[in-house]
Amino acid sequence: MSVREEFDDWATSGKDRGMEDRHWHTAKHVLARMPVEDGDAVLDLGTGSGYALRALRERGIGRGYGLDGAPEMTRNARSYTDDDAIGFLVGDFDDLPLADDSLDHIFSMEAFYYAADPHTTLQEVRRVLKSGGTFYCAVNFFEESESTHAWQENISIEMTLWSRAQYREAFREAGLYVAEQDAVPDRVIEIPDATAFPTEGYETREAMVDRYRTWGTLLTVGVAP
Amino acid sequence: MSVREEFDDWATSGKDRGMEDRHWHTAKHVLARMPVEDGDAVLDLGTGSGYALRALRERGIGRGYGLDGAPEMTRNARSYTDDDAIGFLVGDFDDLPLADDSLDHIFSMEAFYYAADPHTTLQEVRRVLKSGGTFYCAVNFFEESESTHAWQENISIEMTLWSRAQYREAFREAGLYVAEQDAVPDRVIEIPDATAFPTEGYETREAMVDRYRTWGTLLTVGVAP
Amino acid sequence: MKESLMDVVCCPLDKADLDLDVADRDEEEILDGTLTCTECGETYPIEDGIPNLLPPDMRDEAAA
Amino acid sequence: MKESLMDVVCCPLDKADLDLDVADRDEEEILDGTLTCTECGETYPIEDGIPNLLPPDMRDEAAA
Ligand SMILES: Nc1ncnc2c1ncn2[C@@H]1O[C@H](CSCC[C@H](N)C(=O)O)[C@@H](O)[C@H]1O
Ligand SMILES: Nc1ncnc2c1ncn2[C@@H]1O[C@H](CSCC[C@H](N)C(=O)O)[C@@H](O)[C@H]1O
């Protein structure tokens, strides 16, 4: 199945809003760290419902562009805002339809690892960023967060499972400086008492604590030279 | 009074360890974000008891240098570790005795605003950092954290009171890219019930919540081109 | 899409500028039209206000 | 101070290299000595294993 087919289905079944709700637990902290200035142009890679751009507009960015490979995602996202400064486009991570040095910052939540070739995506990111621009790359699916590994079984697209060190190395290979790496915990999700386990998702309470509180979202911040 | 006199007193009266305990609440989160690699050389500006270098050595850095303007601070700091890879030196923020491009990263906690000329310090920071190196600048004393402003009354050295935006601007003026800015909350400090206020430090519970949970430590991350 | 989007978009294949052909628009934005690469001549549709700038093989494969 | 510190330190005034004069050392490090700027000739003391590389006016003012 293609990205388009898989995620168009998600969009039409309303999963885009469900992701927004869950991802917001950590995405809000990631977005808060971005050093955006009034008037900046920001790209959201794999925008889903487009919530990140709506939030960044409240901090004064000048333009927000939401790119997604699934047309139904962008169609929904467009219907969730009537902000003139937010626009959506359909495109692929590995062939960004954006001009060199055109963006101040790029944000991406739970999307990067779906790229057919993440190294190519990083080169594209570097190409479209202005000098000094940042790439805030946030993922919940990564080597150290073991209980996320099973997600691959439920999706037909091949997912890139990198470790923290692999993210840093790949950023540097693509010519980005690595400015930060952090595990951003999800403190919002409620974790039931030990007696409630095993649940559908977790064998033990420890596994669930590990997933949300210990690892949460892996943030890697790259800066374009 | 000079930096040396003021802080030598602090060191001999044991305030260095007290600061370590309190600052650790947020400094540990700041340190965790630094993208250090095995073998990196890291400078701690205004090192106090030197705790940041001890912590970073556990993450595999190759060399830690603690610089402080107060000889007694470095003397204490030296006595708190027998790690061969950690060294201390006495020096001033505005005339760093360190070679160009000699450091992978610089950390500084609750010290930067004591610089006689913070713009000069930032130029020095840029000079000594390798290309792609980061400056993790953490302060509790800043414009938005209003209850900290009174600290100036208790110290004879003039303190620089910048806002978040002023930090970003000054970093950029010095030629550093701004990769991140964040308020890192102190979640460890206990905040008593409303009935306990006014206390010695705070008129109201809200003021104390504002100081620790809302603002905490202001982190600005710069990257050298 | 707003016309201002033209400042940043380009052809996904060769990154050349695009020419805009408007088929339908309202006061605020372009609802239907075509973007044509000034270099390779490849065309990209704008539908319901959203430009589809997937590389043509991906766009066609998915539509099939 | 370890001898390896010489790789990174320099004169605070003109950033030139320093020459090391050892007065006392143990197996691991230099305990007492002098660092002399190869450019301006300014000297900086090493005391109890810690080099004092404050600019001379700050060092002297504080010691007064
Ligand atoms: N190769 C690719 N190119 C463009 N978009 C892609 C892609 N692979 C996945 N996506 C998009 O990435 C999104 C991942 S879901 C995450 C959506 C949103 N950022 C959120 O946090 O909720 C989906 O909308 C999917 O369509
Ligand atoms: N201009 C200057 N040059 C060098 N060190 C300075 C300085 N102004 C202040 N300092 C040092 O900065 C330190 C500030 S106190 C903070 C110490 C430590 N980083 C901690 O987090 O606990 C003091 O040790 C003081 O001596």
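Residue numbers (full-length UniProt numbering), protein chains in the order written: chain D, 1 to 225; chain F, 1 to 225; chain U, 1 to 64; chain E, 1 to 64. Glycine is no exception: its CB is placed at the ideal position from the N, C-alpha and C atoms. In this text, all values refer to a predicted model and were calculated from it rather than measured experimentally.
Assuming residue i contacts residue j under a Cβ cut-off of 8 angstroms, what Cβ separation, rounded to an integer in Å, is found between them?
| i | j | result |
| --- | --- | --- |
| residue 94 of chain D | residue 120 of chain D | 5 angstroms |
| residue 159 of chain D | residue 141 of chain D | 6 angstroms |
| residue 56 of chain E | residue 1 of chain E | 19 angstroms between Cβ atoms; not a contact. |
Quick check: the Cα distance between residue i and residue j, rounded to an integer number of angstroms?
| i | j | result |
| --- | --- | --- |
| residue 51 of chain F | residue 61 of chain F | 14 angstroms |
| residue 220 of chain F | residue 38 of chain U | 43 angstroms |
| residue 33 of chain D | residue 107 of chain D | 11 angstroms |
| residue 45 of chain E | residue 59 of chain E | 10 angstroms |
| residue 164 of chain D | residue 89 of chain F | 33 angstroms |
| residue 4 of chain U | residue 27 of chain D | 28 angstroms |
| residue 55 of chain D | residue 30 of chain F | 24 angstroms |
| residue 37 of chain F | residue 136 of chain F | 15 angstroms |
| residue 69 of chain D | residue 116 of chain F | 52 angstroms |
| residue 20 of chain D | residue 110 of chain D | 11 angstroms |
| residue 200 of chain D | residue 189 of chain D | 15 angstroms |
| residue 187 of chain D | residue 187 of chain F | 12 angstroms |
| residue 22 of chain F | residue 173 of chain D | 39 angstroms |
| residue 54 of chain U | residue 122 of chain F | 44 angstroms |
| residue 175 of chain F | residue 126 of chain F | 7 angstroms |
| residue 138 of chain D | residue 67 of chain D | 16 angstroms |
| residue 74 of chain D | residue 14 of chain U | 24 angstroms |
| residue 1 of chain D | residue 58 of chain F | 45 angstroms |
| residue 66 of chain E | residue 179 of chain D | This structure does not reach residue 66 of chain E, given that chain E is present from 1 up to 64, and the question cannot be answered. |
| residue 84 of chain F | residue 145 of chain D | 34 angstroms |
| residue 118 of chain D | residue 124 of chain D | 10 angstroms |
| residue 87 of chain D | residue 45 of chain D | 13 angstroms |
| residue 196 of chain D | residue 16 of chain U | 57 angstroms |
In chain F, which residues lie less than 7 angstroms from residue i when you measure between Cβ atoms?
| i | result |
| --- | --- |
| residue 177 of chain D | 132 and 223 |
| residue 67 of chain E | Only positions 1 to 64 of chain E appear in the structure, and residue 67 of chain E is not among them; the question remains open. |
How would you list, in chain order, the residues of chain E whose beta-carbon sits under 8 angstroms from the beta-carbon of residue i?
| i | result |
| --- | --- |
| residue 111 of chain F | Under the 8 angstroms cutoff, chain E gives no residues; its nearest Cβ is about 15 angstroms from residue 111 of chain F. |
| residue 69 of chain F | 54 and 58 |
| residue 92 of chain F | 12, 54, 55 and 58 |
Kindly list the residues whose CB is nearer than 6 angstroms to the CB of residue i, restricted to its own chain and excluding five residues on each side of it in sequence; keep chain order.
| i | result |
| --- | --- |
| residue 24 of chain U | 31 and 32 |
| residue 226 of chain D | Here chain D covers residues 1 to 225 and nothing more, so residue 226 of chain D does not appear. |
| residue 185 of chain F | 213 and 216 |
| residue 43 of chain D | 65, 103 and 106 |
| residue 194 of chain F | 205 |
| residue 39 of chain F | 62 |
| residue 91 of chain F | 67 and 97 |
| residue 76 of chain F | 11 and 16 |
| residue 72 of chain D | 8, 11 and 12 |
| residue 64 of chain E | Low confidence applies to residue 64 of chain E: its pLDDT is 43, below 50, so where it sits in the model is not reliable, and the reading given next is rough at best. Answer for residue 64 of chain E: no residue qualifies. |
Mind pulling the chain D residues with CB within less than 9 angstroms of residue i?
| i | result |
| --- | --- |
| residue 1 of chain U | 87, 88 and 89 |
| residue 168 of chain F | 35 and 37 |
Cβ closer than 8 angstroms: which chain D residues qualify as neighbours of residue i?
| i | result |
| --- | --- |
| residue 11 of chain U | 97 |
Give me the chain U residues within the contact set of residue i, using Cβ-Cβ distance strictly less than 8 angstroms, ordered along the chain.
| i | result |
| --- | --- |
| residue 65 of chain D | 5 and 8 |
Excluding the five sequence neighbours on either side, which residues of its own chain have a C-beta within less than 8 angstroms of the C-beta of residue i, listed in chain order?
| i | result |
| --- | --- |
| residue 191 of chain D | 205, 208, 209, 212 and 213 |
| residue 6 of chain U | 18 and 20 |
| residue 131 of chain F | 101, 224 and 225 |
| residue 161 of chain F | 113, 141, 142, 143, 149 and 152 |
| residue 202 of chain D | 147, 208 and 211 |
| residue 181 of chain F | 164, 167, 168, 218, 219, 220 and 221 |
| residue 9 of chain E | 18, 35, 51 and 53 |
| residue 29 of chain E | 1, 2, 3 and 49 |
| residue 156 of chain F | 1 and 6 |
I want to verify the contact list: residues of chain F whose CB lies under 8 angstroms from the CB of residue i, in sequence order.
| i | result |
| --- | --- |
| residue 182 of chain D | 32 and 33 |
| residue 42 of chain E | The premise fails here: residue 42 of chain E is roughly 11 angstroms from chain F at the closest Cβ pair, so nothing lies under 8 angstroms. |
| residue 28 of chain E | 84 |
Name the chain E residues whose beta carbon is nearer than 7 angstroms to that of residue i?
| i | result |
| --- | --- |
| residue 102 of chain F | 8 |
| residue 75 of chain F | 48 and 50 |
Residues of chain U with a CB under 7 angstroms from the CB of residue i: which are they?
| i | result |
| --- | --- |
| residue 193 of chain D | What residue 193 of chain D touches in chain U: nothing, since even the nearest Cβ is about 45 angstroms away. |
Leaving out the 5 sequence neighbours to the left and right, which residues in its chain are closer than 7 angstroms to residue i when beta-carbon positions are compared?
| i | result |
| --- | --- |
| residue 11 of chain U | 18, 37, 39, 40 and 42 |
| residue 80 of chain D | 49 and 50 |
| residue 177 of chain D | 222, 223 and 225 |
*Along the chain, which unbroken stretches of the beta strand (DSSP E) at least 3 residues long are found entirely within the UniProt domain "Methyltransferase type 11" (43-137) of chain F?*
If we require 3 residues or more, the beta strand (DSSP E) runs fully inside the UniProt domain "Methyltransferase type 11" (43-137) of chain F come out as 63-68, 86-90 and 103-109.
*Taking the runs of the alpha helix (DSSP H) that are 4 residues or longer, which of them lie wholly in the region 171-206 of chain D?*
none
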